[in-house]
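Chain order of the listed sequences is F and A.
Using the numbering used here, the first residue of the first sequence is number 86, and each one after it goes up by one.
Using the numbering used here, the first residue of the second sequence is number 86, and each one after it goes up by one.
Cβ coordinates follow ideal geometry from the N, Cα and C atoms, glycine included.
I have placed the structure first, in the form of structure tokens, so that the comments after it can refer back to it.
Protein chains: 2
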Amino acid sequence: MRARKRATTQATIERAAVSLALKHGYEKTTVDMICDAGMVSQRTFFNYFGSKERVILGSAPPMPTNAATADFINGTGPDVLGDLVETITTAFVNHEPDAALLRSRRAVIRQTPELASKEIARIAEAEDQFVHMVLARFQAQGRNETTTPDLQDEAKIIVSLAVGVVHFAVRKWFSSDLVGTPQEVLRSSIQLLRRVTHFHPLPPTESIQ
Amino acid sequence: MRARKRATTQATIERAAVSLALKHGYEKTTVDMICDAGMVSQRTFFNYFGSKERVILGSAPPMPTNAATADFINGTGPDVLGDLVETITTAFVNHEPDAALLRSRRAVIRQTPELASKEIARIAEAEDQFVHMVLARFQAQGRNETTTPDLQDEAKIIVSLAVGVVHFAVRKWFSSDLVGTPQEVLRSSIQLLRRVTHFHPLPPTESIQ
DNA sequence: CGTTTATCTTGCAGTCACTGCATAAATAGC
DNA sequence: GCTATTTATGCAGTGACTGCAAGATAAACG
Chain F
86 MRARKRATTQ ATIERAAVSL ALKHGYEKTT VDMICDAGMV SQRTFFNYFG SKERVILGSA
146 PPMPTNAATA DFINGTGPDV LGDLVETITT AFVNHEPDAA LLRSRRAVIR QTPELASKEI
206 ARIAEAEDQF VHMVLARFQA QGRNETTTPD LQDEAKIIVS LAVGVVHFAV RKWFSSDLVG
266 TPQEVLRSSI QLLRRVTHFH PLPPTESIQ
Chain A
86 MRARKRATTQ ATIERAAVSL ALKHGYEKTT VDMICDAGMV SQRTFFNYFG SKERVILGSA
146 PPMPTNAATA DFINGTGPDV LGDLVETITT AFVNHEPDAA LLRSRRAVIR QTPELASKEI
206 ARIAEAEDQF VHMVLARFQA QGRNETTTPD LQDEAKIIVS LAVGVVHFAV RKWFSSDLVG
266 TPQEVLRSSI QLLRRVTHFH PLPPTESIQ
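Listed below in structure tokens is the structure:
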């Protein structure tokens with residue numbers, strides 16, 4: 086019953102903050118204003134969120150679920166990069182249950198360069214974990230560091246690339262003001278990715294002229 | 086003669102700041118400490134650098150020179166992504182003339198996650214310009230939006246990928262404490278990139294089994 | 001129900017980055 | 001040497017954020 090109260094106050098503060106930032110802009114919105122609207126003291130605000138940024142960005146870092154991680158690791162397709170992008174983006178998009186709130190968050194973030202870069206940085210923070218995922222998949226496929234000496238680097242670069250594509254997909258989705266499902270944008274992004282990287286799931290004959 | 090004085094005071098402040106941050110850590114280093122060591126008032130410090138971050142990161146954003154940009158645009162090779170990575174990374178690395186200072190800057194940045202993400206964000210800030218470069222190259226090669234409707238998206242995703250790889254290359258170079266030349270790291274990174282993306286500059290016969 | 005105990009909330013004082021404004025110093029041009 | 005423009009500084013203030021300690025609230029237990 087205590088947890089319930091915690092959840093409601095948290096939601097109240099978040100809504101107040103996002104709404105105010107949407108109205109006056111992020112930088113013009115002071116923490117005191119948020120506290121007034123959220124009916125808590127400033128100290129309580131910081132107990133909940135720790136910073137003004139986090140109340141807009143959302144507190145939970147967007148990590149894939151355990152099930153999604155396992156699916157990725159056991160995937161046998163040759164397109165590791167595409168699969169990873171899909172896994173990350175799915176987690177990232179499914180992370181806020183309230184669609185209207187999500188839309189407002191995004192609007193604020195898009196109008197505030199500082200927040201936009203922080204969000205990218207947040208995805209990048211999970212890079213180490215993504216590298217582990219890729220290495221696990223390699224291992225599941227029988228590849229290890231004795232056969233490929235720079236396997237670690239290969240995993241790292243795949244993650245770097247994936248973060249780049251996710252960045253692209255998220256930007257594209259939100260630049261169109263959330264038109265279409267995330268899955269559509271994601272699929273077209275991966276298609277584009279394959280075209281750009283000359284990736285061929287099955288060796289095509291027409292590549293020989 | 087005025088410009089000379091400006092340059093020396095700027096250099097003095099920068100050295101003081103980096104040295105202090107290296108000794109006490111970035112967060113424990115206050116602006117007042119830097120001002121004392123740099124023999125300027127706090128107000129002057131902010132006139133020069135505008136923020137505590139920028140005195141560590143270096144004030145100039147790492148953009149390719151005009152010549153390098155032209156070289157990229159007129160490049161005819163099929164590997165747009167590799168060429169772009171090379172262009173960006175070269176600009177990024179050649180940007181600080183003082184090698185010792187650069188090394189110290191990097192050490193501080195590596196120890197301070199906040200600075201590390203800001204630096205990535207700074208590269209990403211130039212994304213629009215990179216997109217223009219890629220589009221210009223496409224145009225030089227006779228591709229335009231009538232032949233490929235989503236050419237703009239293709240350019241954007243190439244830039245996103247390139248930023249990812251640059252991120253990887255920079256991290257790798259500095260994680261080895263600047264062992265080897267940047268070019269070596271860059272070349273091996275691009276090689277890795279090609280392997281990961283299954284990119285083949287010339288259609289190889291062995292891709293057909 | 002009352003008491004104890006853990007948790008939550010708040011106020012307060014203080015630190016630090018950063019800004020606007022006004023003034024003083026330095027230098028450039030004449 | 002005098003004036004105009006740039007540059008340096010002081011000062012007062014704002015806003016984010018922290019540590020601490022005391023008060024309010026709810027849980028747990030007898």
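Of the residues assessed, Asp-168 of chain A falls on the buried side of the cut-off, its CB having 16 or more other CB atoms within 10 angstroms. Between Val-103 of chain A and Arg-195 of chain A, the gap from beta carbon to beta carbon reaches 8 angstroms or more. Per DSSP, reduced to three states, the secondary structure at Ser-144 of chain A is coil, with no helix or strand assignment. Between Ala-209 of chain F and Val-248 of chain F, the C-beta gap is smaller than 8 angstroms, which places the two residues in contact. The Cβ-Cβ distance between Ile-98 of chain A and Gly-123 of chain A falls below 8 angstroms. Between the stretch 131–145 of chain F and the stretch 154–169 of chain F, the count of Cβ pairs shorter than 8 angstroms is below three; the stretches do not touch.
Distance from the CA atom of Ala-92 of chain A to the CA atom of Ala-145 of chain F, rounded to whole angstroms, is 45 angstroms. Against chain A, the CB of Thr-161 of chain F has no partner CB under 8 angstroms away; the residue lies outside that interface. Taking C-alpha positions only, Thr-174 of chain F is separated from Ile-158 of chain F by approximately 16 angstroms. Put simply, the CB of Phe-223 of chain F is far from chain A, with every gap to its CB atoms at 8 angstroms or more. Gly-227 of chain F and Ala-221 of chain F have their C-alpha atoms roughly 10 angstroms apart. DSSP, reduced to helix, strand and coil, places Tyr-111 of chain F outside both helices and strands of the structure shown, so it counts as coil. In the structure shown, the three-state DSSP call for Ser-261 of chain A is coil. The criterion of a C-beta distance shorter than 8 angstroms is not satisfied by Val-281 of chain A and Lys-241 of chain A. At a cut-off of 8 angstroms between beta-carbon atoms, His-252 of chain F makes contact with chain A.
Straight-line spacing of the CA atoms in Ala-184 of chain A and Leu-105 of chain A works out to 18 angstroms.
Per DSSP, the continuous alpha helix (DSSP H) segment holding Gly-123 of chain F begins and ends at 116–123.
Linking His-109 of chain A to Arg-100 of chain A through their CA atoms gives a straight-line distance of about 14 angstroms. Annotated three-state conformation of Met-86 of chain A is coil, per DSSP. Among the residues of chain A, those whose CB is under 9 angstroms from the CB of Asp-235 of chain F are Ser-273 and Leu-277, following chain order. For Ser-136 of chain A, no CB of chain F lies under 8 angstroms from its own CB, so it is not counted at the interface with that chain. At a cut-off of 8 angstroms between C-beta atoms, Thr-282 of chain F counts as an interface residue with respect to chain A. For Lys-113 of chain F, there are no C-beta contacts with chain A under 8 angstroms, since the nearest C-beta of that chain is about 19 angstroms from it. Chain-order list of chain A residues neighbouring Ser-261 of chain F: empty, with the shortest C-beta distance near 11 angstroms, by a criterion of under 7 angstroms. Using beta-carbon distances, Gly-227 of chain F does not count as an interface residue toward chain A, since no partner is under 8 angstroms. Contact annotation: Thr-94 of chain F and Val-125 of chain F have beta-carbon atoms nearer than 8 angstroms. Taking C-beta atoms under 8 angstroms as the contact rule, Leu-246 of chain A and Leu-246 of chain F qualify, at a distance of about 5 angstroms.
From the beta-carbon of Leu-166 of chain A, the residues of chain F found nearer than 9 angstroms are Val-281 and Thr-282.
For the stretch 204–224 of chain F, the beta-carbon criterion of a distance under 7 angstroms to any beta-carbon of chain A is satisfied by Ile-205, Ala-206 and Ala-209. Residue environment: Thr-114 of chain F is assigned as buried (16 or more neighbouring CB atoms within 10 Å of its CB, all protein chains considered). Residue range 184–196 is occupied by the alpha helix (DSSP H) that includes Ala-185 of chain A. Among the residues facing chain A, Lys-241 of chain F is included, as its CB has a counterpart in that chain under 8 angstroms away.
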